[in-house]
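Worksheet: one structure, shown below.
Protein chains: 2
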Amino acid sequence: MNISGCEISVNSQVSIVKMAGFRVQALYDFAGEPGTAELSITAGEVLTVTRQNVGEGWWEGVNQAGQTGLFPAAYVQEVKGSQPPAMPPPPLPEAFTDPVQEVNTEDTWGSQGDHQQQPLSSQQSYEGGDYWDDEWDDDSEGGGTQTSQTNNSAYASGQVIPKSGSVGDVSTIGKSDGKGTVGRKNFNRFTTFVKSGGESYILGTVKVAVREEDKVHIYESEKGVVWNPITEPYVCMVASPKKESKLKGLKSFIAYQLTPSFNNIQVSRRYKHFDWLHERLEEKFSLVPIPPLPDKQISGRYEEQFIEHRRAQLQAFVNSVCRHPVLSRCEVWQHFLTCTDEKRWKAGKRKAEKDELVGANFFITLQAPERPQNITDLEQETEKCSKFIHEMDGAIKILMATAVDQTKKHQGPYKREYQRIGHAFSALGLAFREDDSPESARQNLMEAVRVTGNTYHEIGKLFEEQPKLDWEPLADVLHLYKGIISSFPDILTVHKGSLQKRRECEKLAADHKMESSQLSDVVRRTDVISYALLAEINHFHSERAIDFRLAMQNYLKEQISFYQKIVAKLQDALGKYD
Amino acid sequence: MNISGCEISVNSQVSIVKMAGFRVQALYDFAGEPGTAELSITAGEVLTVTRQNVGEGWWEGVNQAGQTGLFPAAYVQEVKGSQPPAMPPPPLPEAFTDPVQEVNTEDTWGSQGDHQQQPLSSQQSYEGGDYWDDEWDDDSEGGGTQTSQTNNSAYASGQVIPKSGSVGDVSTIGKSDGKGTVGRKNFNRFTTFVKSGGESYILGTVKVAVREEDKVHIYESEKGVVWNPITEPYVCMVASPKKESKLKGLKSFIAYQLTPSFNNIQVSRRYKHFDWLHERLEEKFSLVPIPPLPDKQISGRYEEQFIEHRRAQLQAFVNSVCRHPVLSRCEVWQHFLTCTDEKRWKAGKRKAEKDELVGANFFITLQAPERPQNITDLEQETEKCSKFIHEMDGAIKILMATAVDQTKKHQGPYKREYQRIGHAFSALGLAFREDDSPESARQNLMEAVRVTGNTYHEIGKLFEEQPKLDWEPLADVLHLYKGIISSFPDILTVHKGSLQKRRECEKLAADHKMESSQLSDVVRRTDVISYALLAEINHFHSERAIDFRLAMQNYLKEQISFYQKIVAKLQDALGKYD
């Protein structure tokens, strides 16, 4: 719902400041996990939202029977006209209306709170939202909670049995439509961008030195506008999530082992390191949609299967960064990928946090072709992109809901139905047992029918196990692209803002209030932003084609193998009748 | 429920005379066909039965919401202690309590009504129950109804579109647990048997001449006690159900073409001829369970698919008779199978209806081994048979309910789920259409995703079409055996009655009230009945083993072929991604 065109990122800020108490209608059925705070909802039923800052992708609400609980925000849509008056939207970014604002690069990270437009609740959601990491990491800012320790000891003593991890994993993915996330992220990125001076860049007032190695080149090729292609491609394995502990076992966390192919040296990273990296990348690259991290979780729901699935999602994030011509080369990423020394880690961390070439300042590093852009073509291109993103968002939503739904159905009704068939045949086999005639043919029939019963029981189990082979990996790709496309509206807005600024300057020049040499500098700089956008759109489309081709191939291969397994089992059963 | 041991046939008479108004609890869900008189019921809900004489296998009832409608009697069980006082059961067969009753063979068919114990409603159900034949046959006793004419003209003008015939067919099979049918049939057979003088046979008071060709031989072989085996096996095709008409098209009916393999001469028979034949066989062979005809139907529900399925069920009946050593040789069956001439048909019909060797008189024709039977062995054997029948009845009930349920699920939810998956992929394919880049790889991806969407849509259709290939033929075999085993309790009761009579005579002889030569004749005659029973049980088991082996093989082969079709479709879709 955030993604419906260029104007959306501003509107999306409205949605996150909406007060609780508005009414929503369930789009899909959601079966809450028994014994948790989850609330089962039924498609069509109307709920009143009581809290939106529960955790990523979850809302709290009360149904018409008065039951309160959590449900996935993605599963509901707002009932129009039902909400109490929303808070007024925050003012439009000042940078685009006040051309004389000076850039204070030192202030970029230092005083974010000063300009904070978000209500406290939304902020709380952000700061308190990392339940998952808290669960394993008492070393976080806020210190450990009793819950996390309980979980840890339960895990250590083997008392926590992973339960239906696979449903959970896929369904969890499905639950985050990124409404909360996108809203918050967009807001952060956007204010960062404004504060870091997109305006100033266009007007040429940014004074930051750019080292040669920081320059980012854009070319025109037969494939269109492209980022400087990766010349030495590499991959990085994310492996062996391990429970580690410190302070004599009092505090424990999960560490993932990363091994880049270019040096084969393993580094150990925790989720909070990924999270920190993700923030850096988002701040730095205003025009690059940063692939999403796995969703944060309400704690204590899944264990081993969840961690393995989390690893797969981190691998998807790492793959996506490794394949991005700009991200894969950037310093903070290289630091994250290679630093093995605690001291150097902290130094690199500080350095990255003080990076001046973030937000709009990143534009200074761009080295684009000289050919001027045609503004009409650009508008067509961005309009097309916007439309694509909108369509893809809808399609991903449907497919994600299908993945969640099918996963649940495989593990519930499908399994049950096949086992019911098995039960019916078993009953027949049992009845035939009553014929104790020694005639071997009849005995063999009884055994064959019994085996048929077992076969359908096993097919039921195959159904249960199947989603983690087909739907879950597909859902991971959907999750990746859901995150990526959720960044596009902001990116398009930044670009649109630059074109708007250019038009203002053209008007000023026409009114002889701006010199033509100054105008042509402005035009050049907006062209640089346009080149960057075009390069990114191009990269997005070619990655998308590759990723979805692989994802669909994997999905279909697993489906084929699944039905072949069923065929093989049935053939075995049939053989018993010979 | 009728089948739980030897005493049951008497109890089953109680169930058919029970007044309406008793309460039943639904054992299974049943989804009524919208727009018909059917009432959807949910497992566990309690209904009050308002009418039992609706049609074969259907009852009318009212649910707790006050809705009235029809539901399958097999889907409910009586709530104990809920019914108003039932009518008293009919008196026990007099023949076993009044040893001096004389046999009046002339009266066997002539005055059935005189001894009628059934309440009128049950009788109405019987006479008015052949809805299906009425539908096509205005030539019946009551003449055509407006409904049947409407149906005919609608059919002729092509207005009647066959709707979901396959569900209907299987579900219809499932709906008749034969409670009504069995009840009625048992009652008829039983009274016929009593009136025809089982008692008299045992006491040796029957005076009917037996021609050599009417003698039925029983042997002991290495396979146990057997009917004189079939020496010239034959088959008979039931083919080409055709709508025929007479009286210048005013009256129309379906005719089936039967071609026996021994002469290859085709005869044309209508359902009412089958029905007449079935009545003759039931009356004649007290100890042979006659395979059931297809269930009669509430009219106007199905058309072409229904007729084809009806043909398949008639074929199953014909096969079963052809393979029975006694039935396949009997005169009325041969007449039915070979008579092509209208005049000879009527003569043969009259002759069969006047057959003296029916019911207990049929025993006179039996030529059994001389070796005396051991009464303890016999009791063990019949107890085992009774237990087997009971177990098999339960298993068939479960499997039939599964067949009905799976058929509905294939045509409803399964189809829908797969088509939903198809829809989700189609949506993704559509979204990718928005990327109109000329790069062929991306275009090819869009097309491949679109094809994947279509593929799942087609798999949905495969699901819909599948049950008529696997569940429906299996259900036909279940229907056949459901009918056959429903006859066993009566047969076992007849046998038990004869053993009881033998004991009475042994007591009379011990008290010197019967001469020992007379007793040894009684013992011999009860042995003959026992031999016949053992031969029939033996035949039943070997046929059952053959039929279920074939049925299970066919079911599994069709299931394998089904999943292979899915695999092939998915492989085609996968190929599009190359």
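Protein chains in written order, with UniProt numbering: chain A, 1 to 578; chain B, 1 to 578. Using N, Cα and C, we set each Cβ at its ideal position, and we do this for glycine too.
Contact belief for residue i with residue j at Cβ below 8 Å, rounded distance in angstroms
{"i": "residue 431 (chain B)", "j": "residue 394 (chain A)", "result": "7 Å"}
{"i": "residue 357 (chain B)", "j": "residue 210 (chain B)", "result": "7 Å"}
{"i": "residue 567 (chain B)", "j": "residue 563 (chain A)", "result": "5 Å"}
{"i": "residue 280 (chain B)", "j": "residue 332 (chain B)", "result": "5 Å"}
{"i": "residue 538 (chain A)", "j": "residue 215 (chain A)", "result": "Contact doesn't hold; Cβ gap of about 19 Å is too wide."}
{"i": "residue 577 (chain B)", "j": "residue 470 (chain B)", "result": "So it is not a contact: roughly 31 Å between Cβ atoms."}
{"i": "residue 37 (chain A)", "j": "residue 69 (chain A)", "result": "6 Å"}
{"i": "residue 50 (chain B)", "j": "residue 32 (chain B)", "result": "Wrong, their Cβ atoms sit about 15 Å apart, outside the cutoff."}
{"i": "residue 78 (chain A)", "j": "residue 22 (chain A)", "result": "6 Å"}
{"i": "residue 363 (chain B)", "j": "residue 522 (chain B)", "result": "Contact flag wrong, Cβ pair sits at about 13 Å."}
{"i": "residue 487 (chain B)", "j": "residue 289 (chain B)", "result": "3 Å"}
{"i": "residue 449 (chain B)", "j": "residue 428 (chain B)", "result": "5 Å"}
Identity of the residues DSSP links to residue i by a beta bridge
{"i": "residue 61 (chain A)", "result": "A:49 and A:69"}
{"i": "residue 259 (chain B)", "result": "B:237"}
{"i": "residue 268 (chain A)", "result": "A:257"}
{"i": "residue 585 (chain B)", "result": "Because chain B spans 1 through 578 in this model, residue 585 (chain B) falls outside it and cannot be assessed."}
{"i": "residue 77 (chain B)", "result": "B:25"}
{"i": "residue 217 (chain B)", "result": "B:367"}
{"i": "residue 198 (chain B)", "result": "Paired residue(s): none; residue 198 (chain B) is not in a bridge."}
{"i": "residue 224 (chain B)", "result": "B:221"}
Classification of residue i by the beta-carbon crowding that lies within 10 angstroms, buried from 16 upward
{"i": "residue 200 (chain A)", "result": "buried"}
{"i": "residue 344 (chain A)", "result": "exposed"}
{"i": "residue 286 (chain B)", "result": "buried"}
{"i": "residue 377 (chain B)", "result": "exposed"}
{"i": "residue 464 (chain A)", "result": "buried"}
{"i": "residue 525 (chain A)", "result": "buried"}
{"i": "residue 512 (chain B)", "result": "exposed"}
{"i": "residue 361 (chain B)", "result": "buried"}
{"i": "residue 233 (chain A)", "result": "exposed"}
{"i": "residue 550 (chain A)", "result": "exposed"}
{"i": "residue 265 (chain A)", "result": "exposed"}
{"i": "residue 350 (chain A)", "result": "exposed"}
{"i": "residue 386 (chain A)", "result": "buried"}
{"i": "residue 435 (chain A)", "result": "buried"}
{"i": "residue 229 (chain A)", "result": "exposed"}
Where residue i meets chain A, residues with beta-carbon distance less than 7 Å
{"i": "residue 392 (chain B)", "result": "431"}
Backbone CA spacing between residue i and residue j [nearest angstrom]
{"i": "residue 507 (chain A)", "j": "residue 491 (chain A)", "result": "25 Å"}
{"i": "residue 468 (chain B)", "j": "residue 305 (chain B)", "result": "10 Å"}
{"i": "residue 272 (chain A)", "j": "residue 322 (chain A)", "result": "19 Å"}
{"i": "residue 308 (chain B)", "j": "residue 258 (chain B)", "result": "14 Å"}
{"i": "residue 412 (chain A)", "j": "residue 253 (chain A)", "result": "33 Å"}
{"i": "residue 565 (chain A)", "j": "residue 220 (chain B)", "result": "48 Å"}
{"i": "residue 368 (chain A)", "j": "residue 534 (chain A)", "result": "11 Å"}
{"i": "residue 453 (chain A)", "j": "residue 236 (chain A)", "result": "46 Å"}
{"i": "residue 278 (chain A)", "j": "residue 58 (chain A)", "result": "21 Å"}
{"i": "residue 420 (chain B)", "j": "residue 284 (chain A)", "result": "41 Å"}
{"i": "residue 34 (chain A)", "j": "residue 41 (chain A)", "result": "13 Å"}
{"i": "residue 263 (chain A)", "j": "residue 238 (chain A)", "result": "14 Å"}
Neighbouring residues, chain B, relative to residue i (Cβ below 8 Å)
{"i": "residue 567 (chain A)", "result": "560, 563, 564 and 567"}
{"i": "residue 449 (chain A)", "result": "548 and 552"}
Under 9 Å by beta carbon: chain B residues contacting residue i
{"i": "residue 531 (chain A)", "result": "Chain B residues near residue 531 (chain A): none, gap ~17 Å exceeds 9 Å."}
{"i": "residue 277 (chain A)", "result": "Simply none; closest approach about 30 Å."}
Neighbour list for residue i in chain B, Cβ cutoff strictly below 7 Å
{"i": "residue 549 (chain A)", "result": "445 and 577"}
{"i": "residue 420 (chain A)", "result": "402"}
Under 8 Å by beta carbon: chain A residues contacting residue i
{"i": "residue 388 (chain B)", "result": "431, 434 and 435"}
{"i": "residue 427 (chain B)", "result": "394, 395, 398 and 399"}
{"i": "residue 574 (chain B)", "result": "553, 556, 557 and 560"}
Interface partners of residue i on chain A, CB under 9 Å
{"i": "residue 257 (chain B)", "result": "Under the 9 Å cutoff, chain A gives no residues; its nearest Cβ is about 32 Å from residue 257 (chain B)."}
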